[in-house]
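Only one structure is covered here, and it is reproduced in the block below.
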Amino acid sequence: MTNLLVDEIYSKYVDRFSKNSPECVGWMDGTENSQERFQKIYEAGIGDDDSILDVGCGVGHLHTYLTNKGWNGKYLGFDPNEKAIDLVDEEINAIHGTIEDLDETKYDWVIANGVFNLGLKEEHAFWIIENMLKRANKGIIFNMLLAPYQDDRYESYNPNSISHKLQEHDHKEIKIVKSFLDKNAEFTVYFYKV
């Protein structure tokens, strides 16, 4: 399924849009909303020296955003879209692949921005989330579309259901940040291990 999504959808975005635009990685609602998503991720409590594993990093926009905020920690981004990885700035540590291609190295934060919006049913989404948890020291941060979503081509989720399933894992705190964009269509999850 991942290869099909990359070939049929995400590779076409990379070909069609500028590397510096959010549309290049499938965010079709503009730069302002993209920046707001990054801000919500940052507000989870990422420290300036914290290490980050960026799940589905695209062309490295999150790295650029965090660096502009003063962050300078260790970073590894990965994405199944080889065309996107080829566009990542040389100084950003990013590789072509999926989460199953990684070793067991741990990072302070494991982040997934927009990964669960297209083509992943809840069961597969939780498989990815569990793999994120295995690699996180401080916690994981991810966002999802709020169910019911107005366009049924996208996957959407019930935040209460997500929170309930996350309760099964050791944690200090789980926060659901809802309604941060127009149309109240998304939410971000902060899962704190410590």
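Residues are numbered in my numbering as their position in the sequence shown, beginning at 1, plus a constant of 1085.
Positions of the beta carbon are idealized from the N, C-alpha and C atoms, including for glycine.
Given the structure is predicted, the values throughout are model-derived calculations rather than measurements.
Practice problem: Say whether chain D places a C-beta atom closer than 8 Å to the C-beta of lysine 1257. | Solution: Within the model displayed, chain D is absent; a lone protein chain is all it includes.
Exercise. May I ask which residues mark the beginning and end of the alpha helix (DSSP H) holding valine 1173?
Key: Careful: valine 1173 lies outside any alpha helix (DSSP H) and carries neither H nor E.
Exercise. Answer yes or no: do valine 1200 and glycine 1145 have a C-beta to C-beta separation smaller than 8 Å?
Key: With contacts defined by Cβ atoms closer than 8 Å, valine 1200 and glycine 1145 do not form a contacting pair.
Quiz prompt | Three-state secondary structure (DSSP) of methionine 1113 | solution = Here methionine 1113 sits in coil by DSSP.
Quiz item: In this structure, what does DSSP give as the bridge partners for glycine 1224?
Solution: Answer is Trp1194, Tyr1277, bridged to glycine 1224.
Quiz item: DSSP state of valine 1099, grouped into three classes?
Solution: Helix.
Quiz prompt | Segment contact, 8 Å Cβ cut-off, at least three pairs: the region 1200-1211 with the region 1146-1153 | solution = Cβ pair count under 8 Å is below three, so no.
Practice problem: Measure the C-alpha to C-alpha separation of serine 1096 and threonine 1183 and round it to an integer number of angstroms. | Solution: When rounded, the distance between both Cα atoms is 15 Å.
Practice problem: Leaving aside the five residues before and after lysine 1314 along the sequence, list all residues of the same chain whose C-beta is less than 7 Å from its C-beta, in chain order. | Solution: Because the chain spans 1086 through 1279 in this model, residue 1314 falls outside it and cannot be assessed.
Practice problem: Specify, as a first and last residue, the run of the beta strand (DSSP E) that tyrosine 1234 falls within. | Solution: Looking at the DSSP string, tyrosine 1234 is not in any beta strand (DSSP E), and its letter there is neither H nor E.
Quiz item: What are the residues that DSSP puts in a beta bridge with aspartate 1164?
Solution: Answer is His1181, bridged to aspartate 1164.
Quiz item: Quick one: what's got a C-beta closer than 7 Å to methionine 1217's C-beta in the same chain, skipping five residues either side?
Solution: When the five nearest sequence neighbours on each side are left out, the beta carbons in the same chain lying within less than 7 Å of the beta carbon of methionine 1217 are those of Val1140, Val1195, Ala1197, Ile1225, in order along the chain.
Quiz item: Taking C-beta to C-beta, are leucine 1230 and proline 1244 nearer than 8 Å?
Solution: No, they are not a contact pair.
Practice problem: Give the straight-line distance between the Cα atoms of lysine 1257 and proline 1233, rounded to the nearest whole angstrom. | Solution: For lysine 1257 and proline 1233, the distance between alpha carbons rounds to 29 Å.
Self-check item: Whole-angstrom distance between threonine 1116 and glutamate 1185, CA atom to CA atom
Solution: Distance between the alpha carbons of glutamate 1185 and threonine 1116: 31 Å.
Quiz prompt | lysine 1263, DSSP secondary structure in three states | solution = Collapsing the DSSP output to three states places lysine 1263 in a strand.
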